[in-house]
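Participant:
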Amino acid sequence: ADGTIYLGGGNGNHLYAFDPDGSLRWTFETGDIIQSSPSIGTDGTIYFGSWDGNLYAVNPDGTERWSVELDFRGVVSSPSIGPDGTIYAIAGDVYAVDPGGSILWSYPARTGRSPVTPILAADGTVYVRTSQQGPGGHAITALDSHGRLLWDYGTGEQSRASPAIGFDGTIIGTSYSRGEPEGTVHGIVEAESTNGGYEGAPWPTARGDRANTGRAGG
Numbered sequence: 409a410d411g412t413i414y415l416g417g418g419n420g421n422h423l424y425a426f427d428p429d430g431s432l433r434w435t436f437e438t439g440d441i442i443q444s445s446p447s448i449g450t451d452g453t454i455y456f457g458s459w460d461g462n463l464y465a466v467n468p469d470g471t472e473r474w475s476v477e478l479d480f481r482g483v484v485s486s487p488s489i490g491p492d493g494t495i496y497a498i499a500g501d502v503y504a505v506d507p508g509g510s511i512l513w514s515y516p517a518r519t520g521r522s523p524v525t526p527i528l529a530a531d532g533t534v535y536v537r538t539s540q541q542g543p544g545g546h547a548i549t550a551l552d553s554h555g556r557l558l559w560d561y562g563t564g565e566q567s568r569a570s571p572a573i574g575f576d577g578t579i580i581g582t583s584y585s586r587g588e589p590e591g592t593v594h595g596i597v598e599a600e601s602t603n604g605g606y607e608g609a610p611w612p613t614a615r616g617d618r619a620n621t622g623r624a625g626g
């Protein structure tokens with residue numbers, strides 16, 4: 409909200425904070441590459457993953473609040489933050505972590521080092537890309553806020569793109585189809601899902617807002 413710019417180091421293991429004029433404010437070091445985009449909580453806490461297997465929470469002054477190991481193979485996913493402060497991330501499985509750094513639940517998604525982001529609906533439903541349809545199969549999966557399976561929608565081939573939620577609640581996902589280099593777009597209407605914009609988001613981002621919820625603005 410104050411204009412600070414946060415980004416990971418690409419092939420480096422530092423999170424950088426820049427002032428709006430481009431001046432470096434601070435750096436935060438992790439044990440391996442930071443590939444995920446940071447997500448920012450309402451209190452200014454910065455959440456992100458690292459290939460060292462940890463999900464990190466860093467204070468706005470660059471000091472560590474906490475870290476929790478999710479998967480030793482790395483956390484590539486950009487986390488999302490729910491209205492109650494719960495942090496959702498994908499690291500092989502789907503994880504929900506409370507604002508204090510404790511794991512609330514996990515769901516076996518078998519995604520490996522997936523760069524996709526969990527997408528949150530206004531009713532608390534969590535939408536993720538998973539590999540739940542058997543060998544070689546992939547799906548868009550809907551979980552409730554307690555990590556229980558609501559449904560799977562098989563897409564056949566894999567995708568490295570996060571699903572998205574339209575203004576009318578339609579869930580949109582993509583998959584790579586052999587022989588179709590542009591891939592396939594899947595539109596799924598989830599009639600009971602209500603979609604509300606993230607309150608207080610001052611501008612849109614690639615994943616919807618600063619909390620990476622993926623929802624269209626209200």
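Quick note on numbering: the sequence shown equals residues 409 to 626 in the numbering used here. Glycine included, every Cβ here is placed at the ideal spot set by N, Cα and C.
Between the Cα of residue 473 and the Cα atoms of 453, 582, 549, which residue gives the shortest distance?
Facilitator: Ranking the options by Cα distance to residue 473, first place goes to 453.
Participant: Residue 515 and residue 551: beta carbons closer than 8 Å?
Facilitator: Result yes, Cβ atoms of residue 515 and residue 551 sit closer than 8 Å.
Participant: Leaving aside the five residues before and after residue 436 along the sequence, list all residues of the same chain whose C-beta is less than 6 Å from its C-beta, in chain order.
Facilitator: Cβ within range, chain order: 423, 466, 470.
Participant: Thinking C-beta only, is residue 483 closer than 8 Å to residue 463?
Facilitator: Contact flag set, yes.
Participant: Reducing DSSP to helix, strand and coil, say where residue 511 ends up.
Facilitator: Residue 511: strand per DSSP, three-state reduction.
Participant: Output the boundary residues of the beta strand (DSSP E) element that contains residue 505.
Facilitator: Residues 501 to 505.
Participant: Do you know whose CA, among 490, 494, 492, 510, lies nearest residue 478's CA?
Facilitator: Per the Cα distances, 510.
Participant: Between which two residues does the beta strand (DSSP E) carrying residue 425 extend?
Facilitator: 422 to 426 is the extent of the beta strand (DSSP E) around residue 425.
Participant: At what residues does the beta strand (DSSP E) containing residue 362 begin and finish?
Facilitator: Absent from the model: residue 362. The displayed extent of the chain is 409 to 626, so no value can be given.
Participant: For the beta strand (DSSP E) that residue 462 lies in, which residues bound it at each end?
Facilitator: Residue 462 -> beta strand (DSSP E) spans 462 to 466.
Participant: For residue 534, name the three-state secondary structure that DSSP assigns.
Facilitator: Of the three classes helix, strand and coil, the one that applies to residue 534 here is strand, per DSSP.
Participant: Under three-state DSSP, which class holds residue 572?
Facilitator: In this structure, residue 572 counts as strand in the three-state DSSP scheme.
Participant: Does DSSP put residue 562 in a helix, a strand or coil?
Facilitator: Strand.
Participant: Does DSSP put residue 581 in a helix, a strand or coil?
Facilitator: Note: residue 581 maps to strand in three-state DSSP.
Participant: Residue 570 and residue 527: beta carbons closer than 8 Å?
Facilitator: Yes, the Cβ-Cβ distance between residue 570 and residue 527 is below 8 Å.
Participant: State the start and end residues of the unbroken beta strand (DSSP E) segment that holds residue 547.
Facilitator: Unbroken beta strand (DSSP E) run through residue 547: 547 to 551.
Participant: Are residue 456 and residue 416 close, meaning C-beta to C-beta below 8 Å?
Facilitator: It is a contact, given that the beta carbons lie within the stated cut-off.
Participant: Taking the alpha carbon of residue 492 as the point to measure from, which residue in 476, 480, 532, 501 has its own alpha carbon closest?
Facilitator: Ranking the options by Cα distance to residue 492, first place goes to 532.
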